[in-house]
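Residue numbering for the sequence shown follows our numbering, starting at 83 and increasing by one per position.
Glycine included, every Cβ here is placed at the ideal spot set by N, Cα and C.
Fair warning: this is a prediction, and the values are worked out from it, not measured in the lab.
Below you'll find the structure, written out as structure tokens, and then a few comments.
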Amino acid sequence: MLFNSFSFIFIFLPLALTIYYLLARSSSATLQMLWLTLISFVFYACWKKIYLLLLIGSVGVNYTFAHFLMQYKNKYLLTMGLIFNIGVLVYFKYAGFFLENISALSGIDLSITHIALPLGISFITFQKITYLLDIYRGRIEQNHFLNFLVFISFFPQLIAGPIVRYNQMMPQFSNTRPKRFRYSYFNLGMSLFIFGLAKKVLLADTAALYVDPAYAAMQQGASLSFVETWVAVLAYTFQIYFDFSGYSDMAIGLAKMFGIRLPLNFNSPYKAKNIIEFWRRWHMTLSFFLRDFVYIPLGGNRQGTKRKHANLMATMLLGGLWHGANWTFVLWGGVHGLLLVTNHLWHNVLINLKWEKVQHQLSYRVLALLLTFVCVILAWVLFRAPDMKTANIVYTGLLGLHGFAVLPDSYLHHTPAVPFLHKYLHLAYSPQLTIYASCIYVLGMLSVIWLLPNTQQLLRRAKNVNLTGLNKILVWRPGFAHLFFTTMLFYVALAIMLDFHPKPFEYFAF
């Protein structure tokens, strides 16, 4: 069941909310928490029922580890719990990858039957690991089974985050006070959900109309021209951002409808002026996890510059591998590790030369933004390409080694702006039309990314928001204008969903 499906929006969600708030008439929050657990299990079982048993079983095992860790604070017991969770993840996600590489090196056939990846296993594993570590470190005072069930299974963030720490979420529940319906929470949550749905359906899925056939062609060995390749790479840059940030907005909005606040996950990452800032804005809860549970335990920046850089590289390589069992993901993580190390070295140069003030100059900031954006774009090639052969075709295409001509049967016909110009302005398909339309599309998307406030700013959920000009006018305010705008946005998104089969979120694969 997808957030962007009619069955979820018009059946599952209304039923879940109605019964949840009817149960608020009881004397405690226990019934509401039981209901949340039940509907979360139903939500997960809609994908594949057998993996619901895996989820419940792993919750039981982790609760048992947590129970004994609460009493004994035993390091070996913690290690066993971590090995169990990582072992389950490795078996389902990486067994085939490791055996395939061992077979290639040794010449021995170690192939195994394909194992279907349980949905959301990477995110669920991270939350179970944080729970055990927080229990061991004394950051969680009580180990209640129902609380743990809700923490792990809460359906808005079950599949693809945000990655939540126990103390960020569960103190919002009270065993003595049920959560009663609050219009302000529901209004804000519904607005977030609609904005996220619009990002997914209007921006991400339309970008995929060009990205998917273009990359599929390059995977088959086709060589796209300079313009075609750049549009494909840029379109995927837009797709992955609006897809995942749209999901995060929907997840945060859904939780808000139930009276629960989840942490922010995106803060305009493509506005970053350097790679360090990018990772403080992109998939923020993953960045915090990697910092707290990988980078700092490795030594962080406490053991000298060389060790700090080595720790950064190790953290980003593991972060890349976490995204998928493929060398392209590992290399993507490695590229970002090198970029982070380079960023730190450059920062040291500015300090040593006493050039820190240059960072505040407009020309420097614009150049830094463009350079950072290009680095991120080039790294996304490894993230999207299914193998290194395809990535090589993309990179050579970006350099223009496959030619610059745009032919009449160009893949640019799939660019979202082209069908619009053809259908509504009655312009005939031609190489000129596809180039102009592609430029309009790219410039339009860049304008949305760089000039408009993000969802959290629009809804005043981000701290220290200082909006001016048009952005100040666009900010959310209760009233008819906001109701009309969100209703129309919702209507347009639903209309598009009627024409196109709902497309799964990109991060569901991780």
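In this structure the segment 416-424 touches the segment 394-406; the number of beta carbon pairs closer than 8 Å is three or more.
For the alpha helix (DSSP H) assignment, the uninterrupted runs of no fewer than 4 residues enclosed by the segment 175-255 are, from N- to C-terminal side, 177-188, 203-218, 227-235 and 248-251.
Note on the segment 346-380: whole alpha helix (DSSP H) runs with a minimum of 4 residues are 357-363 and 366-372, in chain order. The beta carbons of Gly189 and Phe308 sit no closer together than 8 Å. Taking a contact to require three or more Cβ pairs closer than 8 Å, the segment 268-288 and the segment 106-124 do not qualify as touching. Note that the C-beta distance between Leu214 and Leu151 is below 8 Å. Rounded to whole angstroms, Phe208 and Ile245 show a C-alpha spacing of 7 Å. Ala111 places its beta carbon less than 8 Å from that of Phe255.
Check the Cα spacing between Met272 and each of Leu99, Gly382 and Thr288: the tightest is with Leu99. Setting aside the 5 residues that flank it on each side, Phe360 is surrounded in the same chain by Pro351, Ala354, Thr454 and Val458, each with a C-beta closer than 7 Å to its C-beta; the list follows chain order. In this structure, the beta-carbon distance from Trp117 to Thr319 does not fall below 8 Å. By the CB criterion at 8 Å, Arg219 and Asn249 fall outside the cutoff. Taking a C-beta distance under 8 Å as the contact criterion, Gln114 and Lys261 qualify as a contact pair.
Beyond the five residues adjoining it in sequence on each side, Asn425 comes within less than 8 Å, by CB distance, of Asn356, Ile357 and Ile358 in the same chain, given in chain order. Here DSSP, grouped into helix, strand and coil, assigns Gln321 to helix. Counting only residues of its own chain and dropping the five nearest sequence neighbours on each side, Leu480 has a CB closer than 7 Å to the CB of Thr311, Trp312 and Val315. Put simply, the segment 152-159 does not touch the segment 227-247. Fewer than three CB pairs are less than 8 Å apart. For the pair Pro253 and Gly328, the Cα-to-Cα distance works out to about 26 Å.
Rounded to whole angstroms, the gap between the alpha carbons of Met300 and Phe572 is 35 Å. Shown here for Leu228: same chain residues with a beta carbon closer than 6 Å to its own, the five before and five after excluded, namely Met115 in chain order. Distance from the CA atom of Ile93 to the CA atom of Gln443, rounded to whole angstroms, is 53 Å. In this structure Tyr103 does not touch Leu201 by the C-beta definition: roughly 28 Å separates them, more than the 8 Å allowed. Annotated three-state conformation of Arg107 is helix, per DSSP. About 7 Å separates the beta carbons of Ile211 and Phe375, which is inside the 8 Å limit, making them a contact pair.
Within its own chain, the residues whose Cβ lies closer than 7 Å to the Cβ of Ile342, once the five positions on either side in sequence are excluded, are Met251 and Gln254, listed in chain order.
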